[in-house]
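>
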């Protein structure tokens, strides 16, 4: 299967993560087909003082897709899966690989779409990107993905080979996915306070975050993730060492009044904790507040 022809790769959901992936492919001469909700002539990624422009257009009608592709990078949020179904149906053939660039540990379970028999690969996205007011996307660290070490994942890794996005095929993917989930989960505090990474410098917030991360770690271990005792402190240290104005995608959604990914980032901890008979008192409070912030009423 060839994944180096420009027409053989599509990015569905050219938001912050999708724009970064599209820019990495474009730089390497593998400009992907762009598919989304909003028509745009181009995508722009800011990397320091450098601007990388990915030529469009962003297609908005799946009925205008002429055929299937070898590889789809699915970069829509969990709240947008249903809307992406038509794109996956139009783009996916029997051998199409769909690399799911989403948060959480339930990416594959949630894609119950008519796009089958495409082959789905979960991914862990490690790089921070932020949408800017002018429609561009700002990259704030080196690009890196973790994928499970499978034959289907190697198709995505091959497509990104030689680009600015480093891909790790990980035998311990399950543990890495849970570690990233812990990082995403604690970012929920930023939503409720409308603050950025600098808030974790407060001793009271740091103590609360650490207690929550330890609660999440207990659930992750019970789910079979091999993570050591130092992971909560390492995650907190990462937030505390980040620029004080560093945001997160769920905070961006909250500021824009969009639905939040509270279920896949936070409720999953409480839900799986209950199934395992583990107490999750901080999760129980946090999830209710995030759900109300997202869905109301009021």
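Numbering (UniProt numbering), first residue to last: 1 to 298.
Even glycine gets a Cβ: it sits at the ideal position worked out from N, Cα and C.
Going by other Cβ atoms of all chains shown within 10 Å of its Cβ, with 16 needed for buried, is residue 63 buried or exposed?
Position 63 of the chain shown, counted from the start, is the residue given in the question as residue 63. Exposed: under 16 other Cβ atoms inside 10 Å.
> Please tell me whether residue 203 has its Cβ less than 8 angstroms away from any Cβ of chain C.
Note that chain C does not occur in the displayed structure, where there is just one protein chain.
> Just to confirm the assignment: which complete alpha helix (DSSP H) runs, minimum length 4, are found wholly within the segment 112-198?
Runs of the alpha helix (DSSP H) inside the segment 112-198: 151-160, 173-186 and 188-193.
> Rounded to the nearest angstrom, what separates residue 81 and residue 100 at their Cα positions?
Locating residue 81 in the chain shown gives position 81, where the first residue counts as 1. Locating residue 100 in the chain shown gives position 100, where the first residue counts as 1. Answer to the nearest angstrom: the Cα atoms are 11 angstroms apart.
> For the segment 196-210 against the segment 136-150, do three or more pairs of beta-carbon atoms, one drawn from each stretch, fall closer than 8 angstroms, so that the two count as touching?
The segment 196-210 vs the segment 136-150: no contact.
> Quickly, what does DSSP pair residue 42 with across the bridge? List them, please.
Within the chain shown, residue 42 is the residue found at index 42, counting from 1. In DSSP, residue 42 forms a bridge with 55.
> Give the DSSP-derived three-state secondary structure of residue 10 in the structure shown.
On the chain shown, position 10 is the one that residue 10 refers to. Residue 10 falls in the strand class under three-state DSSP.
> Thinking residue 90 and residue 65 are a contact (beta carbons under 8 angstroms), I'd like their distance in whole angstroms, please.
As a position in the chain shown, residue 90 is number 90, starting the count at 1. As a position in the chain shown, residue 65 is number 65, starting the count at 1. With a Cβ gap of about 4 angstroms, residue 90 and residue 65 count as contacting.
> For residue 288, which three-state DSSP category applies?
By 1-based counting over the chain shown, the position of residue 288 is 288. Reduced to three states, the DSSP call for residue 288 is helix.
> Per DSSP, what kind of secondary structure is residue 74 in: helix, strand or coil?
As a working mapping, residue 74 is identified with position 74 in the chain shown. Residue 74 falls in the strand class under three-state DSSP.
> Of the residues 141, 129 and 96, which one's Cα is nearest the Cα of residue 152?
If you number the chain shown from 1, residue 152 lands on position 152. Among 141, 129 and 96, the Cα nearest to that of residue 152 belongs to 96.
> Does the count of Cβ pairs from the segment 193-204 and the segment 172-182 closer than 8 angstroms reach three?
Judged by Cβ distances under 8 angstroms, the segment 193-204 makes no contact with the segment 172-182, as fewer than three pairs qualify.
> Report the residue from 49, 67 and 262 whose alpha carbon sits nearest the alpha carbon of residue 189.
For this step, residue 189 is matched to residue 189 along the chain shown. When each option's Cα is compared against that of residue 189, the closest is 262.
> Buried or exposed for residue 51, please, with buried defined as at least 16 other CB atoms from any protein chain shown within 10 angstroms of its CB.
As a first step, residue 51 is located in the chain shown; it is residue number 51 there, counting from the start. It counts as exposed.
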